[in-house]
Amino acid sequence: MVQGDDDHRRAVSALRPSESINRTDHHLINEVPMPETRTIDPKVLPDVPQPKPVRSYEDADRTLLEIADCETQLQKAEAEMNEQIQKVREEYEQTTHVVRAIKASLEKEMERFCILNKADFEKTRSKELVHGTLGFRNTPPKVALLNRKYKWDTVLELLAKVRFGKEFIRTKEEINKEAVLAAYAGKEIDDQKLASVGIKVDQSEEFFLKIKWEEIPDQQKA
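Take 0 as the starting number for the sequence shown in numbering that gives the first Met the number 0 and just add one per residue.
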């Protein structure tokens with residue numbers, strides 16, 4: 000009886016995840032693993048451990064290494080995601096190829112039939128059937144190039160030269176922000192003048208960090 004209880008306890012113990020796994024100092028790499036894929040409810044995000052306070056530049060340097068590790072994991076995860084998306088796209092193309100081809104050929108055959116019987120659509124542009132409607136309709140009008148000889152830049156130049164073309168040229172007015180910044184930097188205009196027309200030059204300080212990837216161990220880049 001006691002032996003059976005011991006066996007049962009050992010079996011249950013074997014099923015429990017080891018509490019010693021990944022229990023390292025916060026500043027050691029891989030302390031924060033990627034979320035497990037066996038999450039029961041994808042809407043519930045896993046808890047995020049709080050980082051250890053940075054109290055020295057040595058701490059800051061170790062934290063940069065952790066950030067680099069996180070970035071590497073994110074890049075790897077994104078690459079895997081894109082690979083899966085590509086696989087799904089290829090599977091979709093493969094599984095729907097025949098259906099899409101059949102649909103296109105059926106539509107082409109319907110068009111051929113209606114063109115052969117175009118006279119039936121002279122009085123009414125469409126014909127109602129039990130399962131749908133067939134017919135001909137005009138597409139919305141659009142301005143197109145006369146032929147391949149012309150480009151839109153050429154058309155614009157030609158319109159500018161003829162008397163009737165001016166009304167067909169549209170000029171977009173917008174604020175030249177680059178000129179404003181250049182004039183402000185050159186002391187040609189001040190805050191008061193800018194404020195009189197409802198604008199200002201805004202500049203603020205922001206924190207940044209940059210990883211020296213050449214200093215990151217190769218195993219952290221994989």
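Where is the CB? At the ideal position from N, CA and C, for every residue including glycine. This structure is a prediction, so every number in the text was calculated from the model and none was measured.
query                                                                                                      : result
Cβ-Cβ distance between L133 and K122 below 8 Å                                                             : no
contact_flag[the region 158–168, the region 184–197] where n(CB pairs < 8 Å) is 3 or more                  : no
Within the region 107–174, ranges of the beta strand (DSSP E) (whole runs, at least 3 residues)            : 125–127, 132–134
Extent of the continuous alpha helix (DSSP H) run through Q191                                             : 190–195
I210 beta carbon less than 8 Å from that of L63                                                            : yes
Distance CB(R124)-CB(R136) smaller than 8 Å                                                                : yes
Exposure of E92, with buried meaning 16 or more beta-carbon neighbours within 10 Å                         : exposed
First through last residue of the alpha helix (DSSP H) which encompasses V200                              : From DSSP, V200 is part of no alpha helix (DSSP H); its letter is neither H nor E.
Cβ-based burial, A100 [other Cβ within 10 Å; buried from 16]                                               : exposed
D217, buried or exposed, once every other Cβ within 10 Å from all chains shown has been counted against 16 : exposed
Nearest neighbour of T170, chosen from A182, L180, L155, E89 [CA to CA]                                    : L155
Nearest candidate by alpha-carbon position, reference I174, set V196, Q202, D68                            : V196
Alpha carbon of E79 to alpha carbon of A178, nearest angstrom                                              : 45 Å
Continuous alpha helix (DSSP H) stretch holding L180: start and end                                        : 176–184
Within-8 Å CB hit, F163 to chain C                                                                         : Absent here is chain C; the protein component of the structure consists of one chain.
D68 burial status per 10 Å Cβ neighbour count (16 or more: buried)                                         : buried
D119 to E82 span [Cα, whole Å]                                                                             : 52 Å
Cβ neighbour criterion (16 or more within 10 Å) applied to E65                                             : buried
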